[in-house]
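Per full-length UniProt numbering, residue 1 is the first one in the sequence shown, and the count goes up by one each step.
Ideal placement from N, C-alpha and C gives every residue a C-beta, glycine not left out.
Every value quoted in this text rests on a predicted model; they were computed, and no experiment measured them.
Notes to accompany the following structure.
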Amino acid sequence: MFPNLHQLTLGWNFGVKEIWRLVPSSVSFQNLVILEIEEIIEGGDNNDQDEIIFPQLNSLELESLPKLESFCSSWNYTFGFPSLQTVIVEDCPKMKIFSQRHSNTPMLNEVEFYWSGCYEERWENDLNSTIRQFFREH
């Protein structure tokens, strides 16, 4: 299913509660390079603990999400982004943390923040710490 997918944009009114549940477990996101998310609706509970890996994702954009507090609010998921080099967080004023559990991002060394006409690049040793610290200060 979608073996050559390079870009996935989830736009306004997409209305999906949990993106990961839409995709069969056989899909590995092996060729996904860019993921842009413009709207997320909080998902339900899941007691399974899973690691979700995006092997070739190099760019993740979270844009204009006024109610977003985290990329994933569940304690059941860890994320692996071995190729991720760019994270952009734009106009997500309620964001507090990326995910509840660890996200492996060995290639990432900064997060770009855009808000109210301002721009800042920041890195605090890991993705969760970077987002948490930025939003504590702003």
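Quick check: residue i and residue j, are their CB atoms within less than 9 Å of each other?
| i | j | result |
| --- | --- | --- |
| serine 59 | tyrosine 77 | no |
| phenylalanine 54 | phenylalanine 71 | no |
| threonine 105 | aspartate 91 | no |
| phenylalanine 135 | serine 103 | no |
| isoleucine 52 | glutamate 69 | no |
Give the DSSP-derived three-state secondary structure of residue i in the structure shown.
| i | result |
| --- | --- |
| arginine 122 | strand |
| serine 70 | coil |
| leucine 60 | strand |
| isoleucine 131 | helix |
| glutamate 110 | coil |
| isoleucine 41 | Per-residue confidence for isoleucine 41 stands at a pLDDT of 45, beneath the threshold of 50, marking its modelled position as unreliable; the derived number appears in the next sentence. In the structure shown, isoleucine 41 sits in coil (DSSP, three-state: anything other than H, G, I, E or B). |
Please report the distance separating the alpha-carbon of residue i from that of residue j.
| i | j | result |
| --- | --- | --- |
| lysine 17 | valine 87 | Note that lysine 17 scores a pLDDT of 39, beneath 50, so its modelled location is shaky; the value from the coordinates is reported in the next line. Roughly 22 Å between the two C-alpha positions. |
| glutamate 112 | glutamate 120 | 6 Å |
| leucine 62 | asparagine 128 | 14 Å |
For residue i and residue j, which I take to be in contact (beta-carbon distance under 8 Å), what is that distance rounded to the nearest angstrom?
| i | j | result |
| --- | --- | --- |
| serine 74 | leucine 57 | That pair is no contact at about 19 Å. |
| methionine 95 | isoleucine 131 | 6 Å |
| histidine 138 | tryptophan 123 | Not confirmed; about 16 Å, so no contact. |
Name the DSSP beta bridge partners of residue i, please?
| i | result |
| --- | --- |
| phenylalanine 98 | Answer is none; phenylalanine 98 lacks a bridge partner. |
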